[in-house]
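Asker:
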Amino acid sequence: LFSMTGDSMADSIEPLFTHKAVGEGENVILSCKYKTLVNNLQWYKQHPKSRPKFLFYITPTGYTSSLPPRLNATVKNEQVDLIISFAAVSDSALYYCALEPTVTGNPAALYKNPDTFIRQFCR
């Protein structure tokens, strides 16, 4: 099971889809539309009962920080895509995009404004 959410502070970012089915070994694309003037977009991954883990950032020009294995990213026309190649059971987690660094060490703090969250499920 994959989940994906968007988080926003002053500007906006939100997922394009609420549900998506993906089989093991397939490629997964999780997308967010954004409107912002910030310098980079953050991607995070969170397993149940765990803290969110920073994956990477991508700038509006397409520059990325170091990417984890099997992950790629693109950005175009105010849309940012996270691409997971050869999806595995171990990839099952909550994924979210954010406009600012968001990891607080307190997972409950991520949900202080639940109206900004849209889940995207993949299996």
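Numbering (the working numbering), first residue to last: -18 to 104. All residues carry an ideal CB built from backbone N, CA and C; glycine is no exception.
1) DSSP beta-bridge partners for Ser73?
2) In this structure, does DSSP put Tyr44 in helix, strand or coil?
3) Got a sec, what are the start and stop residues for the beta strand (DSSP E) Pro(-4) sits in?
4) To the nearest angstrom, report how far apart Ser71 and Ile39 are at their CA atoms.
5) Considering Lys14, what are the terminal residues of the beta strand (DSSP E) in which it resides?
6) Whole angstroms are fine: how far does the CA of Phe35 sit from the CA of Lys57?
7) Measure the alpha-carbon distance for Leu22 versus Pro41 and round it to whole angstroms.
8) CA-CA distance, Gly6 and Ala68?
9) By DSSP, does Leu52 sit in helix, in strand, or in coil?
Answerer: For this structure:
1) Taking the sequence shown and counting its residues from 1, one reaches residue 73 at position 92. According to DSSP, which records beta bridges pairwise, Ser73 is partnered with nothing at all.
2) For this step, residue 44 is matched to residue 63 along the sequence shown. If DSSP states are grouped into helix, strand and coil, Tyr44 belongs with coil.
3) As a working note, residue -4 is residue 15 in the sequence shown. First-last of the beta strand (DSSP E) with Pro(-4): -7 to -4.
4) Residue 71 sits at position 90 when you count from the first residue of the sequence shown. Residue 39 sits at position 58 when you count from the first residue of the sequence shown. One C-alpha to the other measures close to 23 Å.
5) Counted from its first residue, the sequence shown places residue 14 at position 33. Its beta strand (DSSP E) spans residues 9 to 16.
6) What you label residue 57 is simply residue 76 of the sequence shown in a count that begins at 1. What you label residue 35 is simply residue 54 of the sequence shown in a count that begins at 1. Those two C-alpha atoms are separated by around 22 Å.
7) The sequence position of residue 22 within the sequence shown is 41, counting from 1. The sequence position of residue 41 within the sequence shown is 60, counting from 1. Cα-Cα distance, rounded: 8 Å.
8) Translated into positions along the sequence shown, residue 6 becomes position 25. Translated into positions along the sequence shown, residue 68 becomes position 87. When rounded, the distance between both Cα atoms is 5 Å.
9) In the sequence shown, residue 52 corresponds to position 71, counting from 1. Of the three classes helix, strand and coil, the one that applies to Leu52 here is strand, per DSSP.
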